[in-house]
Amino acid sequence: MSGSFNKEQYHVLVIGGSAGSFPSVSRILEHLPNDYRLPVVMCLHRLRDKREGFKEALEIKSKMPVCEPNDKDLILPAHVYIAPANYHLLIETPHFFALATTELVQYSRPSIDVLFESAADALKSNVLAVLLSGANRDGALGMKRIHVKGGYTVVQDPATCSMNTMPQAALDLTPVDRILDLDRIIEFLIDLH
Amino acid sequence: MFNLPSEYDIEIELDDLNKLTDAVLTKYGYDFGNYAMSSFKRRIIMVLKKHGIKTVELLIQKILHDSQFFEQFILDITVNTTELFRDPSFFRYLREKIIPVLNTRPEFNIWHAACSSGEEVISMSILLHEEGLLSRAKVYATDINHAVLKRAAEARYPLRNLELFKQNYELTMPKGKLEDYYIVKDNEIYFDPALVSHVKFKHHDLAVDHHFFKFDFIFCRNVLIYFNQDLQNRVFELLHNSLFLGGFLALGAKESMVWCRISDKFEVVNEIEKVYKKIKL
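Same order as they appear, the protein sequences are chains A and B.
The opening position of the first sequence corresponds to residue -6 in this note's numbering, with each subsequent residue numbered one higher.
The opening position of the second sequence corresponds to residue 379 in this note's numbering, with each subsequent residue numbered one higher.
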């Protein structure tokens, strides 16, 4: 753990995961308080043609409101944002989102790389990223970019994941700040508050 | 060509992008200066990688001195991912609620703004045909990209898209079979030319051009997401000026008029399907 860790540095929490990480994400949201200091922006791989159901399922456990942002919507603290079906979600400026229907990235739309890379570009070292389990390599390049720009990177311990391709791909590509199992990730995120 | 690894990092600063958009505007009259930077930057990085160009400065030189390359550049950076009946519930909504309104008019005008390769044009033509209104529709389809306009007019698509097209069509409460509208030849789907023979395909740039006709229905779906709010406001005014009073505007599923300066001149007809109606001049 870095001695210089200063939680005030971080203005946004981005989380990436594949469809299989839904229970993990649900547990994370269950534990974060309704006045959480950060906006929580998530890209989870999902079916392109299922527009409804996903947000509603996360809302069951989340204490914060869960939204699928429209284009150019504001990024607010204590809100959970999930990338809509069949769109890439990007952080356009520190204050608002943009959406795109561009090509699949890593076979995915929404893609974690697209969200993470845009977050690194818009918010530089103010990004804190968590990459959960998954079965493809999406997110690795995004984690690398966040690391290069001085943001903080947390990867779910591949040894504790049912599908470890995604966290392992990130670890193979870039140094990260922490490798934690899900319970430690939740503790870490609560401490950020 | 340079042989670059797929995941090398290219640093592009805002300043580089501004120089690029200035050069393109001065030389060719296309204005990308008000595009949403996050996605525009990704497109530029993609272009650099694709053509093995190392810096934006070198890209600018190539664009300025090679107008054929510029045509390719326009094709590369504009987003041409679309589907037949993209968002089937939207087309089902048109079939159930909007078609009956259009049916009360002896003729009506439709504009597909930024139509790309034309899948939405075909979708609407099929819908109008099945509802018996096709002969009363005057249709314009416009884009900034000459190459995709040509493709749209040919109504020709890669065969690999067929499964998705069929799935979408089946969800629109169809009155026919998709097979009735196309043939397959040489790994491509050729739609019936009658579905586009009434359509005027025309070059039009929402960022710089003005309104050219009045419409009863305008499609502008998943276009505004690529623009910043200044340009979105310009385009909303252009679309407003292009609509008859009582005319409809359809946006993409995750686009919104909330931030738009003239949102009070429209009413929301359907919040989910993003259909708006012009209620004030």
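Quick reminder that beta carbons are idealized off the backbone N, C-alpha and C, glycines included.
Counting only runs that start and end inside the segment 12 to 74 of chain A, the beta strand (DSSP E) elements of at least 3 residues fall at 33 to 37.
Apart from the 5 residues on each side of it in sequence, residue 23(A) sits with its Cβ closer than 6 Å to the Cβ of 54 in its chain, given in chain order. At least one CB of chain A lies nearer than 8 Å to the CB of residue 607(B). Taking CB atoms only, residue 479(B) has no neighbour in chain A less than 8 Å away. As summarised for the segment 114 to 144 of chain A, the continuous beta strand (DSSP E) elements at least 3 residues long and confined to that stretch are 120 to 124, given in chain order.
Counting only runs of 4 or more residues that sit fully inside the segment 484 to 547 of chain B, the alpha helix (DSSP H) segments are 497 to 508 and 524 to 532, in chain order. Taking CB atoms only, residue 43(A) has no neighbour in chain B less than 8 Å away.
In its own chain, leaving out the 5 sequence neighbours on each side, no residue places its CB closer than 6 Å to the CB of residue 16(A). Rounded to whole angstroms, the gap between the alpha carbons of residue 646(B) and residue 655(B) is 7 Å. Here residue 520(B) is buried: its Cβ has 16 or more other Cβ atoms, across all protein chains shown, within 10 Å. Between the alpha carbons of residue 159(A) and residue 629(B) lies a gap of roughly 35 Å. In this structure, the alpha-carbon of residue 397(B) lies about 25 Å from that of residue 492(B). Counting along the chain, no beta strand (DSSP E) covers residue 428(B); the unbroken alpha helix (DSSP H) around it starts and ends at 415 to 429. Ranked by Cα distance from residue 62(A), the first of 71(A), 75(A) and 50(A) is 75(A). In chain order, 64 and 65 make up the part of chain A whose C-beta sits under 9 Å from the C-beta of residue 602(B).
Here residue 77(A) really is in contact with residue 632(B); their C-beta atoms are around 5 Å apart, less than 8 Å. Scanning 100(A), 144(A) and 93(A) for the CA closest to the CA of residue 417(B) turns up 93(A).
A distance below 8 Å separates the beta carbons of residue 576(B) and residue 515(B). Around the C-beta of residue 482(B), fewer than 16 other C-beta atoms lie within 10 Å, and the residue is accordingly described as exposed. Residues are counted here when their Cβ sits less than 7 Å from a Cβ of chain A; for the segment 543 to 560 of chain B the count is zero. Contact check for residue 408(B) and residue 462(B): beta-carbon distance about 28 Å, past the 8 Å limit, so the pair fails to qualify. Fully enclosed beta strand (DSSP E) runs of no fewer than 3 residues occupy 560 to 563, 566 to 569 and 577 to 581 of the segment 544 to 584 of chain B, in order along the chain. Residue pairing by DSSP puts residue 654(B) in a beta bridge opposite 627(B) and 646(B). Bounds of any alpha helix (DSSP H) do not take in residue 152(A), whose DSSP letter is neither H nor E. Take residue 561(B), set aside five residues on each side of it, and the residues of its chain with a beta-carbon closer than 6 Å to its own are 568, in chain order.
DSSP places residue 594(B) in the strand class (E or B) of the three-state scheme. If you look at residue 90(A), you'll find it in the beta strand (DSSP E) that goes 90 to 93.
Between residue 499(B) and residue 574(B), the C-beta spacing is below 8 Å. The C-beta separation of residue 603(B) from residue 91(A) comes to about 6 Å, placing the pair in contact by the 8 Å criterion. Not one beta carbon of chain B lies nearer than 8 Å to the beta carbon of residue 17(A). The bridge partners DSSP lists for residue 7(A) are 34(A) and 122(A). Shortest Cα-Cα distance from residue 179(A) to any of 142(A), 120(A), 147(A) and 162(A) involves 147(A). In this structure, the beta-carbon distance from residue 140(A) to residue 168(A) falls below 8 Å. Of all residues in the segment 446 to 463 of chain B, the ones placed with a Cβ closer than 8 Å to any Cβ belonging to chain A are 457, 459 and 460, in chain order. For residue 602(B), no beta strand (DSSP E) encloses it, and the DSSP letter there is neither H nor E.
The Cβ neighbour count for residue 143(A), taken over all protein chains shown within 10 Å, is under 16; the residue is labelled exposed.
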